[in-house]
Structure formats: C-alpha cells, structure tokens
Amino acid sequence: MSDPRPVPAIDRTGDGKAHFEVLDGLRGTAAMLVVAFHIQGITVLFDPARLMLPHAYLAVDFFFALSGFVIGYAYDDRWDAMSVRGFIGRRLLRLHPLVVLGTLLGLISYLGDPFAGGRQAAPLLLVLLAFVAGLVALPAPPLPNRLGDSHPLNAPAWTLLQEYIANLAYALVLRRLGVRALVALTGLAALASAATALTLGSYDTGWGLDNFWGAPVRLAYPFLAGLLLYRLRDRLPAVRLGFPVLSLILVALFAAPVFPTVGAIKLNGLYQATCVLLVFPAIILAGRHSRGGPAMIGLCRQAGRLSYPLYITHYPFVYLYMNWVATRPAPGGTTAIIAIALYLFTLGFAIAAHRYWDVPFRAWLKRRVRA
Numbered sequence: 001m002s003d004p005r006p007v008p009a010i011d012r013t014g015d016g017k018a019h020f021e022v023l024d025g026l027r028g029t030a031a032m033l034v035v036a037f038h039i040q041g042i043t044v045l046f047d048p049a050r051l052m053l054p055h056a057y058l059a060v061d062f063f064f065a066l067s068g069f070v071i072g073y074a075y076d077d078r079w080d081a082m083s084v085r086g087f088i089g090r091r092l093l094r095l096h097p098l099v100v101l102g103t104l105l106g107l108i109s110y111l112g113d114p115f116a117g118g119r120q121a122a123p124l125l126l127v128l129l130a131f132v133a134g135l136v137a138l139p140a141p142p143l144p145n146r147l148g149d150s151h152p153l154n155a156p157a158w159t160l161l162q163e164y165i166a167n168l169a170y171a172l173v174l175r176r177l178g179v180r181a182l183v184a185l186t187g188l189a190a191l192a193s194a195a196t197a198l199t200l201g202s203y204d205t206g207w208g209l210d211n212f213w214g215a216p217v218r219l220a221y222p223f224l225a226g227l228l229l230y231r232l233r234d235r236l237p238a239v240r241l242g243f244p245v246l247s248l249i250l251v252a253l254f255a256a257p258v259f260p261t262v263g264a265i266k267l268n269g270l271y272q273a274t275c276v277l278l279v280f281p282a283i284i285l286a287g288r289h290s291r292g293g294p295a296m297i298g299l300c301r302q303a304g305r306l307s308y309p310l311y312i313t314h315y316p317f318v319y320l321y322m323n324w325v326a327t328r329p330a331p332g333g334t335t336a337i338i339a340i341a342l343y344l345f346t347l348g349f350a351i352a353a354h355r356y357w358d359v360p361f362r363a364w365l366k367r368r369v370r371a
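Numbering (full-length UniProt numbering), first residue to last: 1 to 371.
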C-alpha cells in the first residue's frame with residue numbers, strides 16, 4: 001500500500017544538485033547550540049562548572065567536517081568545466097555577503113554600545129582598521145574589551161577565514177589528490193589534532209591572536225575527513241539514524257561535563273579528540289544516509305538555511321549582552337529572561353538576514369557578474 005503523505009520536492013543547490021537535508025538540519029542544530037553556549041557562557045563568565053553546554057564550541061569542528069563533505073559533493077565532478085577562479089568566485093558569492101553584514105553589525109555594536117562605558121574607548125583609526133580587515137575576513141590588532149579575539153568586531157569570523165583557506169587548498173591541491181594520498185594527509189592531520197587536544201586539554205584554541213596557530217590545526221583534520229568521507233562514500237556502511245536522534249547525540253556530546261586531568265592524562269582533551277576524530281565523522285556518515293517525512297525534511301531545510309546567518313550575525317548582539325551583564329547586575333530570574341529573549345532575537349534576526357540581506361545581495365552580485 002502506498003504512503004498517502006505528500007512527498008516533499010527535492011531541494012536543490014543553485015547548480016541543480018540535491019541537498020543532503022539531514023546534514024543541513026544538523027548544521028542548524030550545531031549553530032543553535034553554539035549560540036546558546038555563547039549567551040549562557042557570558043552569563044556565568046564561562047565558568048566550566050556552570051556551563052550547560054561546555055563542549056559546544058566543538059560545533060566549529062563539526063562545521064569544518066560538514067564543509068569538507070559538501071565541497072567534495074558539490075565540486076569534485078565539475079572541474080572539467082570550472083576554473084579555480086570560478087570556484088573561488090562561487091564560494092565568495094555564497095559566504096561573503098554575510099561576512100560583510102556581520103562586520104557592519106560588529107562596528108555598530110562597538111561604537112554604539114550603551115553599556116560599555118569607557119571600556120571600548122579605542123582610537124578611531126584602530127576601530128576602522130578592524131572594520132576594513134573584517135570586511136575581508138582578516139584578523140586585526142586587538143581592540144579593548146574584546147578578549148583578544150583575532151576578529152575583534154565579530155569573533156566567529158575567524159572560522160570564515162579558515163573556510164576560505166580550506167576552499168583555496170581544495171581548489172589548488174586537494175581536488176587533485178587520490179584516495180591514498182588523502183588518507184595519508186588526513187592521518188597526519190589527525191595526529192596534529194589529537195596532540196593539540198591532549199596537550200591543551202581541549203580544542204578551545206584558534207579564535208584569538210595569541211592562539212591563532214590553533215586555527216589551521218582545528219581546520220585541517222575535520223575538513224580533510226569530511227572530504228575523505230565523500231570520496232569513500234560507496235565503500236562505507238549505510239548507517240541511518242535520522243535527524244532527531246543525530247541532533248540529540250550532538251546535544252549529549254556538547255552537554256557532557258568537563259573532564260578532569262588524571263595523572264598525566266587530560267581526560268577532557270581525550271574526550272574532545274574522540275568527538276572530533278571519530279564521532280563527528282560517524283554522525284556525518286549517518287546523516288548522509290538518513291531521510292525523514294515531509295515535516296521533518298521541511299524542518300531540516302529551514303534549520304540549514306538559518307544556520308550560517310545565525311552563526312555569523314549573533315555575536316555583535318552577544319557583545320552588547322556581555323556589557324549589560326557586566327554593568328547592570330540583575331536578579332538571576334531577570335538575567336535568564338533577558339538571555340532567553342536575546343536567543344530568540346538572534347534566531348529572528350538570522351531569518352531576516354537570510355531573507356532581506358543574503359538572498360538579495362547574492363542575487364544582485366550574480367547579475368553583476370553575468371553583466
């Protein structure tokens with residue numbers, strides 16, 4: 001007997017390829033969790049004992065792995081008809097309009113913060129330098145009251161710089177590698193990744209000027225592993241768990257407690273290395289094969305569309321909240337209400353940013369390029 005439920009139309013990329021909708025949904029889940037981590041973390045001054053999602057910054061490593069898989073899927077079979085310049089142009093068109101928006105929001109947040117007092121009294125030239133650097137996703141000298149972030153007007157932009165580096169590496173080198181060479185390179189990146197986590201006790205590195213070396217280390221293994229998963233797609237088992245189960249796994253991974261150091265072993269680093277090296281690739285493998293009904297697929301699509309604008313635009317508002325928390329002590333209940341309201345606001349703003357900035361901006365750029 002046939003299923004009477006309507007079958008959702010296949011959601012396709014601008015180049016006609018079908019999306020992996022569950023993977024899109026998981027990107028949305030990870031983005032929503034990392035935003036919750038930032039807001040709640042500011043509230044408790046990132047005290048590990050009071051964090052609800054102490055490992056949620058690993059969402060960045062999950063994003064890198066998803067990116068490697070999706071880049072392989074979208075572009076591996078297209079190089080006979082595409083140049084490196086064309087590929088880089090496509091990636092800039094896809095990612096950069098929201099980088100610009102995030103930088104604009106960061107500038108407004110820095111100059112117009114009503115709660116900052118004199119703590120953000122930086123020379124205007126330094127602020128403008130950070131703004132210009134932010135517009136092209138480059139690091140800038142530190143600004144007061146920005147915790148040493150390498151991208152002081154919009155901290156998450158450090159990951160976009162790494163994304164561009166990965167895209168360039170793919171276009172110039174990685175797309176040409178055979179599976180054996182890619183396996184060897186992924187293995188080396190895994191060793192560097194594990195050594196970093198076991199030495200530091202975590203992957204909390206790469207975001208600041210003083211730990212910027214950690215950014216390419218965090219990028220290399222997940223991106224290469226994602227690309228390798230795509231290249232090996234027909235040789236790996238077809239595991240299916242579904243979007244709700246896989247999202248709950250991400251929640252559980254991010255909500256695990258911070259583990260102690262026992263003797264010379266930093267258990268927290270071991271746990272996070274296990275997540276990044278083994279569990280995240282397994283989640284992507286399962287998500288690639290998973291499906292759902294019309295309602296679930298619709299939810300995954302919406303979560304996927306929301307993920308990038310949410311991730312790249314939320315932090316300027318978190319800066320405002322950070323200064324409000326620091327200068328306006330309030331009862332715990334009031335702070336919780338403001339935090340929840342901020343979270344909901346960032347979701348709504350991301351929807352608006354997608355609809356009224358990203359989509360029109362990209363359409364305008366496409367017309368300009370074709371003209």
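Note that beta-carbon positions come from the ideal geometry of N, C-alpha and C, so glycine has one too.
Since the structure is predicted, the reported quantities are computational estimates derived from the model, not experimental observations.
Presumed contact (8 Å Cβ cut-off) between Ile284 and Phe69, rounded CB distance: Position 284 of the sequence shown, counting from 1, holds the residue named residue 284. Position 69 of the sequence shown, counting from 1, holds the residue named residue 69. Confirmed, about 6 Å.
Leu356, buried or exposed, once every other Cβ within 10 Å from all chains shown has been counted against 16: Within the sequence shown, numbered from 1, the residue matching residue 356 stands at position 356. With the sequence shown as reference, residue 356 is identified as Tyr, and Leu is not the correct amino acid for it. Exposed, because fewer than 16 other Cβ atoms sit within 10 Å of the Cβ of Tyr356.
Nearest residue (CA-CA) to Leu253, options Thr29, Val100, Tyr321: Start at 1 with the first residue of the sequence shown, and residue 253 comes out as number 253. With distances taken between Cα atoms, Leu253 lies closest to Thr29.
Distance between Ala116 and Phe177 (C-alpha atoms, nearest Å): Position 177 of the sequence shown, counted from the start, is the residue given in the question as residue 177. Position 116 of the sequence shown, counted from the start, is the residue given in the question as residue 116. Residue identity differs from the one stated: residue 177 is Leu in this sequence, not Phe. Roughly 50 Å separates the two Cα atoms.
Minimum C-alpha distance to Arg175 - residue among Ala133, Pro156, Phe87: Here residue 175 is taken as the residue at index 175 of the sequence shown, counted from 1. Shortest Cα-Cα distance from Arg175 to any of Ala133, Pro156, Phe87 involves Phe87.
Local Cβ density within 10 Å of Trp207, reported as buried at 16 or more and exposed below that: By one-based count along the sequence shown, residue 207 stands at place 207. Trp207 comes out buried.
Selection from Ala181, Leu26, Pro331 that minimises the alpha carbon distance to Ser67: Working through the sequence shown from its first residue, we reach residue 67 at position 67. The residue among Ala181, Leu26, Pro331 with its C-alpha nearest the C-alpha of Ser67 is Leu26.
Local Cβ density within 10 Å of Phe20, reported as buried at 16 or more and exposed below that: Translated into positions along the sequence shown, residue 20 becomes position 20. By the 10 Å Cβ count, Phe20 comes out buried.
Residue range of the unbroken alpha helix (DSSP H) whose run includes Leu126: Taking the sequence shown and counting its residues from 1, the one referred to as residue 126 is at position 126. Run containing Leu126: 124–135, per the alpha helix (DSSP H) assignment.
Residues that Ala31 bridges to, as DSSP identifies them: Position 31 of the sequence shown, counted from the start, is the residue given in the question as residue 31. DSSP output for Ala31 lists no bridge partner at all.
Nearest-angstrom Cα separation, counted from Met296 out to Asp77: The residue given as residue 77 occupies position 77 in the sequence shown. The residue given as residue 296 occupies position 296 in the sequence shown. Taking the straight line joining both Cα atoms gives about 29 Å.
Length of the line joining the Cα atoms of Val44 and His96: For the purposes of this step, residue 44 is identified with residue 44 of the sequence shown, where counting begins at 1. For the purposes of this step, residue 96 is identified with residue 96 of the sequence shown, where counting begins at 1. When rounded, the distance between both Cα atoms is 33 Å.
Phe62 versus His289: straight-line alpha-carbon distance, rounded: Stepping through the sequence shown from its first residue, residue 62 is reached at position 62. Stepping through the sequence shown from its first residue, residue 289 is reached at position 289. Between Phe62 and His289, the C-alpha separation is close to 17 Å.
Closest by C-alpha distance to Leu248, when choosing among Gly287, Ser83, Ala238, Pro222: For the purposes of this step, residue 248 is taken as residue 248 along the sequence shown, with counting starting at 1. It is Gly287.
Alpha-carbon to alpha-carbon, Asp113 and Gln120: Sequence index remark: in the sequence shown, residue 120 carries index 120 (1-based). Sequence index remark: in the sequence shown, residue 113 carries index 113 (1-based). Rounded to the nearest angstrom, the two C-alpha atoms are 9 Å apart.
Beta-ladder partner(s) of Leu261, from DSSP: Sequence index remark: in the sequence shown, residue 261 carries index 261 (1-based). The question names Leu, but residue 261 is Thr in the sequence shown. For Thr261, which the question treats as bridged, DSSP gives the partners Lys266.
Distance, Lys366 Cα to Leu200 Cα: Here residue 200 is taken as the residue at index 200 of the sequence shown, counted from 1. Here residue 366 is taken as the residue at index 366 of the sequence shown, counted from 1. The straight-line gap from Cα to Cα measures roughly 44 Å.
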